[in-house]
Amino acid sequence: MDAAGAGAAVPAAGRPAEVATRASDAVAARESASPGIPYAFARAHGVLASGEEAGAIVVLLRPDATAEGIAELRRVLKRPVRTRAVDAERFALELARAYDPGTAPSAALAVDAARDADLARLLQELPPAEDLLDGGDAQAPVIRMINALLLQAVRERASDLHFEPYDARAVVRFRVDGVLSDVLEPPRALHAAIVSRLKIMANLDIAEKRLPQDGRIALKLGDRAVDVRVSTLPTGPGERVVLRLLDQDAARLDLASLGMAGDTLASVDRMIREPHGILLVTGPTGSGKTTTLYAALSRLPRGAVNMMTVEDPIEYALDGVAQTQVNARVDLTFARALRAILRQDPDVVMIGEIRDLETAQIAVQASLTGHLVLATLHTNDAASAVTRLADMGVEPYLLSSSLVGVLAQRLVRTLCPECRRAAPPTDSERATLATLGVAATAVLHHAVGCAACKGTGYRGRTGIYELIEIDETMRRLIHDGAGEPALREAARRRQQKSLRADGGRWLAEGTTSLAELVRVTRDD
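Take 36 as the starting number for the sequence shown in the numbering used here and just add one per residue.
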């Protein structure tokens, strides 16, 4: 559909909600900030009225402020003016605060979920403005629409929101339980306005459209805090924005709540209490690796253990844990942060991701000098994590001496309890069940779809795991440079299950479907 010429957007799915922010009315803020000076003019000419001093209006000037802008400001204000030069970063911050104070970086977006509204009606009110803050009172529906989307995303447990422009249309999509789906199609002409609003909320430069930017928004839902990471990317039709929602409640997860089988949980619990060594958690993006590491840290006695992390970014704040965020702009890399952390007398070090040889080598050396290292790696299964480190350049004899275990994981969607349907397995399904150690007499459950799960047949996710414990046999294989097939075969001889085989217990319990398990473990 070409939404550009339509008077309203097309909702695609879900029940939207209207929300209100704690911020003061943006229109009133504009009037008091720079009377008679439109936001677009202040931004374009680099001039901003900012309070009074000794009877004169203080005017902030960006380094590229124009003479035309200064003259126009003097004409409109009709009062003595005192100019003050500021750098571009300070100007952008003051501009955002002056014209939309509720979205200054220090202000949390307080969401009032007391009443629901029709998002379609909100979208019909949207003005054809090119910039949110150029639209006068008409910007309110755009703000309400974005707030409604944020609240709806939190309610539906979305992990990501996508704002995507195309030549003839714009699309908003949610990723729920690992699957993307369309939510609505706002008018194409308003995509730039939506992006500008999101940039202001995240304290980004709304004038910079050529380079990617990253920022954050703090949401509050009553006592519930949600951190929103904002990423913009220039594309041909316009800027694309992706929001990642990080529910701070997830930081309180315990290992026992992640869905591990009893023997796997016991082994992992033992490994994280080792005095030294490396425990790797591996899997693709979005498979819950960081959550597992946080849960592992939460299981340790914080008063008796000095725990430190290096992350990019810090996803959840952990009380009693020293967390450091990588910052490439000041050359604070994983490797540099790790070196500094090792001078801070740590007992346990968590590495958000091992990305290069230097980081891997420091992690190995740390483990060999009396530290327990927990880290993530992007590989498909546990055995390939070992070969990935070897491929990076870590010597096999160092790997064999430092590794204590490798935990691979995936997340499978759980069937909606309201509509799942039980049925005896077909002949082909029985053959698959046999390879998973599930009795041929087991009853399989299938996704159907209802209002409770929004027609998907699934609601929520749980984990499946593959754990390789590094015993003497494994150490010899790693030391000798054995490949993935040999490592997998050694693990199978020890009755260590593959990812798909571990999912068999969820099939037997009716927690997930065979189709979902096969989808998630197609590479297994």
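Backbone N, C-alpha and C fix where the C-beta goes; we use that ideal spot for every residue, glycine too.
Practice item. Please classify A417: does DSSP put it in a helix, a strand, or coil? Key: One-based indexing of the sequence shown puts residue 417 at position 382. It is helical.
Point to revise | Whole-Å CB distance - V345 paired with L442, under 8 Å assumed | key: Indexing the sequence shown from 1 puts residue 345 at position 310. Indexing the sequence shown from 1 puts residue 442 at position 407. Contact doesn't hold; Cβ gap of about 20 Å is too wide.
Review point. Does DSSP put E350 in a helix, in a strand, or in coil?
Key: Within the sequence shown, the letter at position 315 stands for residue 350. Here E350 sits in coil by DSSP.
Point to revise | Residue nearest to D354 in terms of C-alpha spacing, selected from D391, P348 and M343 | key: Indexing the sequence shown from 1 puts residue 354 at position 319. Closest by alpha carbon: M343.
Review point. Exposed or buried, what is P98 when buried is set at 16 or more other beta-carbons lying within 10 Å of its beta-carbon?
Key: As a first step, residue 98 is located in the sequence shown; it is residue number 63 there, counting from the start. So P98 counts as exposed.
Practice item. Note down the Cα distance separating L542 from M385, rounded to an integer number of angstroms. Key: As a position in the sequence shown, residue 542 is number 507, starting the count at 1. As a position in the sequence shown, residue 385 is number 350, starting the count at 1. For L542 and M385, the distance between alpha carbons rounds to 33 Å.
**Study point:** Beta-carbon gap between R275 and R264 smaller than 7 Å
**Key:** Counting from 1 along the sequence shown, the entry for residue 275 is found at position 240. Counting from 1 along the sequence shown, the entry for residue 264 is found at position 229. It is not a contact, given that the beta carbons lie outside the stated cut-off.
Check your understanding: Quick one: what's got a C-beta closer than 7 Å to R456's C-beta in the same chain, skipping five residues either side?
Key -> Numbered from 1 along the sequence shown, position 421 holds the residue referred to as residue 456. Counting only Cβ-Cβ distances below 7 Å, and skipping sequence neighbours, we find H480, H481 and V483.
Practice item. Please determine if the segment 116-124 and the segment 80-94 are in contact, where contact requires at least 3 C-beta pairs separated by less than 8 Å. Key: yes
**Study point:** Neighbourhood of L167 by C-beta, 6 Å cutoff - its chain only, sequence neighbours within 5 removed
**Key:** Here residue 167 refers to the residue found at position 132 of the sequence shown. The predicted position of L167 is uncertain, since its pLDDT is 36 and thus under 50; a value taken from the coordinates is nonetheless stated next. If we look at L167 and ignore the five residues flanking it on each side, its Cβ neighbours are Q174, V177, A228, S231 and R232.
Point to revise | Residue span of the alpha helix (DSSP H) that contains L300, given as start and end | key: As a position in the sequence shown, residue 300 is number 265, starting the count at 1. Looking at the DSSP string, the run of the alpha helix (DSSP H) that includes L300 is G297 to M306.
Point to revise | Environment of E581 [buried if 16+ CB atoms lie within 10 Å] | key: Residue 581 is absent from the structure shown; the chain starts at 36 and stops at 559.
Review point. Along the chain, where does the beta strand (DSSP E) that runs through S85 open and close?
Key: On the sequence shown, position 50 is the one that residue 85 refers to. Its beta strand (DSSP E) spans residues V82 to E88.
**Study point:** Beta-carbon proximity check, E453 vs A487, cutoff 7 Å
**Key:** For the purposes of this step, residue 453 is identified with residue 418 of the sequence shown, where counting begins at 1. For the purposes of this step, residue 487 is identified with residue 452 of the sequence shown, where counting begins at 1. Against a cut-off of 7 Å, the Cβ pair of A487 and E453 comes out as a contact.
Review point. Considering only residues of the segment 452-479, which uninterrupted alpha helix (DSSP H) runs meet the minimum length of 4 residues and lie entirely inside it, listed in chain order?
Key: 462-470
Point to revise | Alpha-carbon to alpha-carbon, S533 and V561 | key: The structure shown does not extend to residue 561, since the chain is modelled only from 36 through 559, so no value can be given for it.
Practice item. In the DSSP assignment, find the unbroken alpha helix (DSSP H) run with V111 in it and report its ends. Key: To locate residue 111, count along the sequence shown from 1; it is residue 76. Segment A102 to L112, the alpha helix (DSSP H) holding V111.
Check your understanding: Going straight from the alpha carbon of Q358 to that of D249, what length do you get?
Key -> Sequence index remark: in the sequence shown, residue 358 carries index 323 (1-based). Sequence index remark: in the sequence shown, residue 249 carries index 214 (1-based). Near 20 Å, if we compare the C-alpha coordinates of D249 and Q358.
Review point. Apart from the five residues on each side of it in sequence, which residues of its chain come closer than 6 Å, Cβ to Cβ, to L471?
Key: Translated into the one-based positions of the sequence shown, residue 471 becomes position 436. Only A536 and G539 meet the Cβ criterion.
Exercise for review: Kindly identify the DSSP beta-bridge partner or partners of S231.
Suggested key: Translated into the one-based positions of the sequence shown, residue 231 becomes position 196. The partner list for S231 (beta bridge, DSSP) is empty, contrary to what the question assumes.
Practice item. Quick one: measure Cβ to Cβ for G86 and F126, integer angstroms, because I've assumed they're closer than 8 Å. Key: One-based indexing of the sequence shown puts residue 86 at position 51. One-based indexing of the sequence shown puts residue 126 at position 91. G86 to F126, Cβ: 14 Å. No contact.
Check your understanding: With distances taken from CA atoms, which of R557, M295 and V408 is nearest E388?
Key -> Numbered from its first residue, the sequence shown carries residue 388 at position 353. When only C-alpha atoms are compared, the closest one is V408.
**Study point:** From L293, T270 and P222, residue whose alpha carbon lies closest to that of G495
**Key:** Within the sequence shown, numbered from 1, the residue matching residue 495 stands at position 460. That would be L293, whose Cα lies nearest to the Cα of G495.
Check your understanding: Expressed to the nearest angstrom, what Euclidean distance is found between the alpha-carbon atoms of I1 and A205?
Key -> Outside the modelled stretch of the chain, which goes from 36 to 559, sits residue 1, for which no answer is possible.
**Study point:** Under 7 Å between C-beta atoms of I513 and S435
**Key:** Here the question's residue 513 lines up with position 478 in the sequence shown. Here the question's residue 435 lines up with position 400 in the sequence shown. Contact flag set, yes.
Practice item. Go ahead and pull the three-state DSSP assignment for R259. Key: Against the sequence shown, residue 259 aligns to sequence position 224. DSSP places R259 in strand when its eight states are reduced to three.
Check your understanding: With C-beta atoms as the reference, is P247 less than 7 Å away from T270?
Key -> If you number the sequence shown from 1, residue 247 lands on position 212. If you number the sequence shown from 1, residue 270 lands on position 235. No, the Cβ-Cβ distance between P247 and T270 is not below 7 Å.
Check your understanding: Which residues in the same chain have their Cβ closer than 7 Å to the Cβ of G318, if we skip the five residues on either side of it in sequence?
Key -> Walking along the sequence shown from the start, residue 318 turns up at place 283. Taken in chain order, the residues that qualify are K324, A443, Q444 and R445.
Point to revise | Beta-carbon gap between T497 and T449 smaller than 7 Å | key: If you number the sequence shown from 1, residue 497 lands on position 462. If you number the sequence shown from 1, residue 449 lands on position 414. Closer than 7 Å, so yes.
Review point. CA-CA distance, A521 and S437?
Key: Looking up residue 521 in the sequence shown gives position 486. Looking up residue 437 in the sequence shown gives position 402. Distance between the alpha carbons of A521 and S437 is about 19 Å.
Exercise for review: Specify the secondary structure class of G137 as computed by DSSP and reduced to three states.
Suggested key: The residue given as residue 137 occupies position 102 in the sequence shown. Reliability fails at G137, whose pLDDT of 42 lies under 50, so the model's placement of it is uncertain and no value is given.
Review point. If you follow the beta strand (DSSP E) that R208 is part of, which residue opens it and which one closes it?
Key: Sequence index remark: in the sequence shown, residue 208 carries index 173 (1-based). Where R208 is concerned, the enclosing beta strand (DSSP E) stretches over A205 to V211.
Check your understanding: If you count every other CB in all the chains shown that lies within 10 Å of the CB of D212, and 16 or more means buried, which is it?
Key -> In the sequence shown, counting from the first residue as 1, residue 212 sits at position 177. That one is buried.
Review point. Looking only at its own chain, which residues have a Cβ that is under 7 Å from the Cβ of L290, when we skip the five neighbours before and after it?
Key: Sequence index remark: in the sequence shown, residue 290 carries index 255 (1-based). Around L290: L300, V303, D304, A330, A331 and R334.
Exercise for review: Determine the direct distance from the alpha carbon of A410 to that of H226, and round the result to whole angstroms.
Suggested key: Residue numbering aside, residue 226 sits at position 191 when the sequence shown is read from its first letter. Residue numbering aside, residue 410 sits at position 375 when the sequence shown is read from its first letter. If I take the Cα positions, the gap works out to 39 Å.
**Study point:** Selection from V399, L328, P272 and G321 that minimises the alpha carbon distance to V214
**Key:** In the sequence shown, residue 214 corresponds to position 179, counting from 1. Closest by alpha carbon: G321.
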